[in-house]
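Colleague: In my numbering, the protein residues as written are 36 to 380. The beta carbon of each residue, even a glycine, is placed where N, CA and C say it ideally should be. The structure displayed is predicted, hence computed values, not measured ones.
(1) Assuming contact is defined by CB atoms lying nearer than 9 angstroms, are residue 97 and residue 326 in contact in what I supplied?
(2) Quick check on residue 218: does DSSP put it in helix, strand or coil?
(3) Taking the alpha-carbon positions, what's the residue 374 to residue 321 distance?
(4) With a threshold of 8 angstroms, are at least 3 pairs of Cβ atoms found where one atom belongs to the region 99-107 and the other to the region 48-65?
(5) Beta strand (DSSP E) containing residue 363: first to last residue?
(6) Tell me which same chain residues have a C-beta within less than 7 angstroms of the C-beta of residue 94, skipping the five on either side of it?
(7) Can you tell me which of the three DSSP states residue 329 falls into?
(8) Who pairs with residue 73 in a beta bridge, going by DSSP?
(9) Note down, in chain order, each residue of its chain lying with its Cβ closer than 7 angstroms to the Cβ of residue 249, except the 5 sequence neighbours on either side.
(10) Between which two residues does the beta strand (DSSP E) carrying residue 39 extend?
(11) Would you identify the three-state DSSP class for residue 349, choosing helix, strand or coil?
(12) Can you name, in chain order, every residue of its own chain whose Cβ lies under 6 angstroms from the Cβ of residue 271, other than the five neighbours on each side?
(13) What are the boundary residues of the beta strand (DSSP E) that residue 271 is part of?
(14) Can you say whether residue 197 is buried or exposed, counting buried as having 16 or more other CB atoms within 10 angstroms of its CB?
(15) Would you call the region 365-372 and the region 39-57 touching, i.e. three or more CB-CB distances under 8 angstroms?
(16) Going by DSSP, what residue range makes up the beta strand (DSSP E) through residue 172?
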């Protein structure tokens, strides 16, 4: 159900709700001008007003074009917004001030476009960045909020669209690229991948490592399939489902990781029940390529307590899933029509 919309200055490609302010979400935009070969964009901090059902600009900052953004919590008191840009830079911003980054460092060779990044879940001190030339780079955030370049290697022959740390082993990272290959790396020795998966028929654009299950891995591909893998046996996917568009982004629900919000490029946004392998919702009110999406980061502890009470009263899994979806807000964005939406099932 549509709630609100906003028109951005440049095409938006990434979006994420703030983990400590449930009414705030960030959005990154990117535009390439072929006439003068320049790239530009901006970062928005939006505030969603649930009473008036409006999206209001809290802050906006012009940049060289944002390809990916993440909220990170370095400590209970410090929440930062992290971005990678078309100039191959990683920047870290205070949520209170986007005008001047705390960090702005080159993280790719020769200002190659940085496409994606992932912070190490265990400490948030390490970040891996993937780029347009197929490289992966690892950097370390020190105690003075300085970024130290650690290592870089050629991981793929073509654009490396996505990368992710293993949430259960800090030495393992995953990468997916336009060469259709899913690779697993041990950062202690990056001369060659520890495993190469060749089961995707087109480029890989999203990777999600489950936070609770140490063996589960999800991938999304331009071949339109969402796939679930068991890391112990990667010969064939455990499950797969065709979503009718390139699966650019996968977002597990914070309370139920079987509920997956997916941006499907040419086919809008869908909510998938991975356990049932079923599409529960198909949102088609965007008019262009579906790229960025995220669940609102609500008060998970209170929500979980309420859901447990409901399950005690009525012993059905549908009540659990139905209640989660009915109380979940989603922010999404589509590229060429420059629109941001807030909606619910």
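Modeller: By the coordinates alone:
(1) Residue numbering aside, residue 97 sits at position 62 when the chain shown is read from its first letter. Residue numbering aside, residue 326 sits at position 291 when the chain shown is read from its first letter. The answer is no: Cβ separation not under 9 angstroms.
(2) Here the question's residue 218 lines up with position 183 in the chain shown. Note: residue 218 maps to strand in three-state DSSP.
(3) One-based indexing of the chain shown puts residue 374 at position 339. One-based indexing of the chain shown puts residue 321 at position 286. Residue 374 and residue 321: Cα-Cα distance of roughly 7 angstroms.
(4) yes
(5) Within the chain shown, numbered from 1, the residue matching residue 363 stands at position 328. It is not in any beta strand (DSSP E) - residue 363 carries neither H nor E in the DSSP assignment.
(6) Stepping through the chain shown from its first residue, residue 94 is reached at position 59. These residues qualify, in order along the chain: 80, 133.
(7) Taking the chain shown and counting its residues from 1, one reaches residue 329 at position 294. In this structure, residue 329 counts as strand in the three-state DSSP scheme.
(8) By one-based count along the chain shown, residue 73 stands at place 38. Bridge partners of residue 73: 68.
(9) Counting from 1 along the chain shown, the entry for residue 249 is found at position 214. Cβ neighbours of residue 249 beyond the five flanking positions: 203.
(10) By one-based count along the chain shown, residue 39 stands at place 4. 37-42 is the extent of the beta strand (DSSP E) around residue 39.
(11) As a position in the chain shown, residue 349 is number 314, starting the count at 1. Low confidence applies to residue 349: its pLDDT is 44, below 50, so where it sits in the model is not reliable, and the reading given next is rough at best. Residue state, collapsed to three classes: coil.
(12) Numbered from 1 along the chain shown, position 236 holds the residue referred to as residue 271. Within the same chain, no residue comes within 6 angstroms of residue 271 by CB-CB distance, once the 5 residues on both sides are set aside.
(13) Along the chain shown, read from residue 1 onward, the residue named residue 271 stands at position 236. Segment: none, residue 271 is in no beta strand (DSSP E) and carries neither H nor E.
(14) Locating residue 197 in the chain shown gives position 162, counting from the first residue. Answer is buried; the Cβ neighbour count reaches 16.
(15) Contact between the region 365-372 and the region 39-57 is present: three or more C-beta pairs spanning the two stretches fall below 8 angstroms.
(16) One-based indexing of the chain shown puts residue 172 at position 137. From DSSP, the beta strand (DSSP E) with residue 172 extends over 170-176.
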